[in-house]
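Residues in the sequence shown are numbered from 14 upward in steps of one, following our numbering. Glycine included, C-beta positions come from ideal geometry on N, C-alpha and C. Worksheet: the structure to be examined is printed underneath.
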Amino acid sequence: MGKIKLVTTFYLEENEIILELPLSKKDLLLTFSDKEKELKEYMKKEKLKLKKEEDLLRLVARYNALKNLNANPSQSLLSSMVRNN
């Protein structure tokens, strides 16, 4: 008998562009590469588990807070994705 597997996918929207959010720690930190060091420290300090929706939301909120501190329009999530590809 076959099994049904539930797969949850998260998306981010920035500047009217929708991106799929990776769920592996390595890929997620690459996505947020402009704040990678800060987010890595935050994940460790807060003991975040990326498989938990609540923790993933907390990480994205932290990224947004860090990004807004700098308020540099050239440092958007999309510009960092372009640099990594």
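Separation of residue j from residue i, as counted between CA atoms
{"i": "Leu19", "j": "Lys60", "result": "25 Å"}
{"i": "Tyr55", "j": "Leu72", "result": "8 Å"}
{"i": "Asn83", "j": "Arg75", "result": "13 Å"}
Bounding residues of the beta strand (DSSP E) (the contiguous stretch that carries residue i)
{"i": "Leu34", "result": "30–34"}
{"i": "Leu63", "result": "No beta strand (DSSP E) holds Leu63; DSSP gives it neither H nor E."}
Buried or exposed by the 16-neighbour rule on C-beta atoms within 10 Å, applied to residue i
{"i": "Asp47", "result": "buried"}
{"i": "Ile30", "result": "exposed"}
{"i": "Thr21", "result": "exposed"}
{"i": "Leu70", "result": "exposed"}
Any non-hydrogen atom of the ligand COA closer than 6 Å to residue i Cβ
{"i": "Thr44", "result": "In the structure on display, the ligand COA does not appear, and there are no ligands present to speak of."}
Rounded distance between the beta-carbons of residue j and residue i, thought under 8 Å
{"i": "Leu25", "j": "Leu63", "result": "That belief does not hold up - the Cβ atoms of Leu25 and Leu63 are roughly 14 Å apart, past 8 Å."}
TODO: Report yes or no: do the region 39–54 and the region 70–81 share at least 3 C-beta pairs separated by less than 8 Å?
DONE: yes
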